Amino acid sequence: MTVLSRVDDTGIRNRQTARESSARTYARHFPIVPVRAEGMTVHGADGRSYLDCLSGAGTLALGHNHPVVVDALRRTIDAGRPLHTLDLATPEKDAFTTELFATLPAGFARNAKVQFCGPAGTDAVEAALKLTQIATDRGGVAAFTGAYHGMTLAALTASGGTTGKRAPALDVTRLPYPYAYRCPLGLGGDLGAHASASYVERLLDDPNSGVPIPAAMLLEVVQGEGGVIPAPDDWLRRMRAVTQSHRVPLIVDEVQTGVGRTGTMWAHERSGIVPDVLVASKAIGGGQPLAVVVFRGDLDVWAPGAHAGTFRGNTLAMAAGAATLRFVRENDLPRHAERIGARLREGLESLDHPAIGDVRGQGLMLGVELVEADAEPDHLGARPAASALAGRVRTECLRRGLLVELGGRHDAVLRLLPPLVITEEQADSVLERLAEALSAGA
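Using UniProt numbering, read the sequence shown as starting at 1 and increasing by one per residue.
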């Protein structure tokens, strides 16, 4: 096995800096050149090994090079399958859709249709928005503060982040997402979630609110880039009720939360709601690019060719995705994610570091919000976000062989997205390295 020398490592990174666009992100924060990986471990050309709590931003449900995924890819290649088939039926597509529907709640799967689109989650969001506008003959979307739905224009417009000057791709009614630690309504906790739901209900019920009934409501069950913020179950049920009462399709974005990540196969299952439209990508492709929209059969108003994508027929992704979905389901990895996630969360809460403002999340989607420990808290007890500290802690984690990324308001939330196959020993090592990094960063 060839391992690149330190000189090659530096040369590769220098050439990347010289040749690639300034849009690159992870390469700025993690100056490593991965050359080999298995499970949760990444080996760099510098000879060091790292525990990966990024998992391809949640894409690698089974970690790097899991045997079932590698075997599925090899079998497909060895069989001489066509690697690109547009939207033609193939054995791999049939196996993938069968496994996908087997993971869905029975009430949703019974009458659902699946749409293959471009290979990224943002493509699926665009397709979902377009579909609901056609189906309802309405424009606009109800979306939430703190949201992140992708980087294409309509998906980006529905997101909550600041992206500079841009022309809106659709009309967005921005609604308050419940965030107990930094409540957008200044109430916090259950009271803030109740007020958020009541605001949405009254806004849509009021004929003089100035807000037309939208083509869809788009939400994340757990906001990822927004700072790992889980929506309360009761709030989700109220969003489902108000959208049903106004015949507004509810689009649930499960690009990052799907396939066992939060302790259930799909994050929305915890609350018992059934969406009208489900957007999925990342983990469903087993590490290969793949995205789908699954929706109620009566919303299937597409004319032939009304929405397409050149790479919707990615045979390798469907083979890897089917193998991943099957392994997650048959080995009950959502339960494992819930158990190890609880162990990690308990360990994070026990750190009792003065700069930790909040620890939150579900399953193996966890966030640690860092704050200015010496600053005065607001009336809800929240202190200002410690962006600089979070950046230092990320760097100290890297020095200790731990890959973690930031998110949330002001990039002050340490995000943990380890693969669903993480062991107890690896979880304890993550906690140990993170604790050391916090001490060093402070």
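Using N, Cα and C, we set each Cβ at its ideal position, and we do this for glycine too. It should be emphasised that the depicted structure is a prediction, and the values quoted were computed from it without experimental measurement.
_Anticipated Cβ contact below 8 Å, H307 with A127, distance rounded_ = That belief holds up - the Cβ atoms of H307 and A127 are roughly 5 Å apart, short of 8 Å.
*Can you list the alpha helix (DSSP H) stretches of 4 or more residues lying completely in the stretch 27 to 83, in chain order?*
55 to 58 and 67 to 78
_Sequence-distant residues of its chain with Cβ nearer than 8 Å to T97 (five each side left out)_ = V114
_For Q182, the nearest candidate out of E369, A427 and V248 (CA to CA)_ = Residue 182 is actually Arg in this sequence, not Gln. Ranking E369, A427 and V248 by Cα distance to R182 puts E369 first.
*Look up E225 in the DSSP assignment and say whether it is helix, strand or coil.*
Here E225 sits in coil by DSSP.
*Taking three-plus beta-carbon pairs below 8 Å as touching, is the stretch 54 to 69 in contact with the stretch 401 to 417?*
Yes, the stretch 54 to 69 is in contact with the stretch 401 to 417.
*Tell me whether the beta-carbon of P228 lies closer than 8 Å to the beta-carbon of G401.*
Here residue 228 is Val; the residue named in the question, Pro, does not match the sequence. Cβ atoms of V228 and G401: not closer than 8 Å.
*asked:* Our contact map puts V68 next to A323 with C-beta atoms below 8 Å; I'd like the distance itself, whole angstroms only.
replied: 5 Å
*Test item: CB-CB of E92 and A319 under 8 Å*: Yes.
*Assuming G44 and P34 make a contact with CB atoms under 8 Å, what is their CB distance in whole Å?*
Correct: roughly 6 Å between the Cβ atoms.
_Coil, strand or helix - M318 by DSSP_ = helix
*Determine the closest residue to residue 444 out of T243, S350, A155 and G140, with distance taken between C-alpha atoms.*
The requested residue 444 is not part of the displayed model; the chain covers only 1 to 442.
*asked:* Let's see if you can read the secondary structure: which residues bound the beta strand (DSSP E) around K113?
replied: From DSSP, the beta strand (DSSP E) with K113 extends over A112 to F116.
*At what residues does the alpha helix (DSSP H) containing T97 begin and finish?*
Counting along the chain, T97 sits inside the alpha helix (DSSP H) bounded by residues P91 to T103.
*Please report how far the alpha carbon of D352 lies from the alpha carbon of S439, in whole angstroms.*
Distance between the alpha carbons of D352 and S439 is about 11 Å.
*Who are the near neighbours of Y177 in its chain, counting only those whose CB is closer than 6 Å to its CB and skipping five residues on each side?*
F144, T145 and G146
*Which class does R19 belong to by DSSP, given the choice of helix, strand or coil?*
In the structure shown, R19 adopts helical secondary structure according to DSSP, grouped into three states.
*Hey, would you say A124 sits closer than 8 Å to V328, going by beta carbons?*
no
*So which of G391, R238, G260 and L398 has the shortest CA-CA distance to L250?*
Of the listed residues, the one whose Cα sits closest to L250 is R238.
*So, is V301 buried or exposed, given that buried needs 16 or more other C-beta atoms within 10 angstroms?*
exposed
*How is V359 classed by DSSP in three states: helix, strand or coil?*
DSSP places V359 in strand when its eight states are reduced to three.
*Can you name the start and end residues of the beta strand (DSSP E) that I213 belongs to?*
Neither: I213 is in no beta strand (DSSP E) and is coded neither H nor E.
*asked:* Does the structure place the stretch 184 to 201 close enough to the stretch 388 to 400 that three or more beta carbon pairs sit under 8 Å?
replied: no
*Which whole-angstrom value is the C-beta distance of H64 and E99, which I expect to be below 8 Å?*
Incorrect: roughly 21 Å between the Cβ atoms, too far for contact.
*Exposure of P377, with buried meaning 16 or more beta-carbon neighbours within 10 Å*: exposed
_Taking the straight line between their C-alpha atoms, what separation do you get for L60 and E432?_
23 Å
*asked:* Could you tell me the alpha carbon to alpha carbon distance between R261 and P214, rounded to whole angstroms?
replied: Taking the straight line joining both Cα atoms gives about 30 Å.
*R409 classed as buried or exposed, judged by whether at least 16 other C-beta atoms fall within 10 angstroms*: Answer is buried; the Cβ neighbour count reaches 16.
*Please report the residue range of the alpha helix (DSSP H) in which I340 lies.*
L333 to S350
*Determine the burial state of A72: buried for a count of at least 16 other Cβ atoms within 10 Å of its Cβ, exposed for fewer.*
buried
_Rounded to whole angstroms, what is the Cα-Cα separation between P31 and D9?_
9 Å
*For G381, count neighbouring Cβ atoms within 10 angstroms of its own Cβ and tell me buried if that reaches 16, exposed if not.*
exposed
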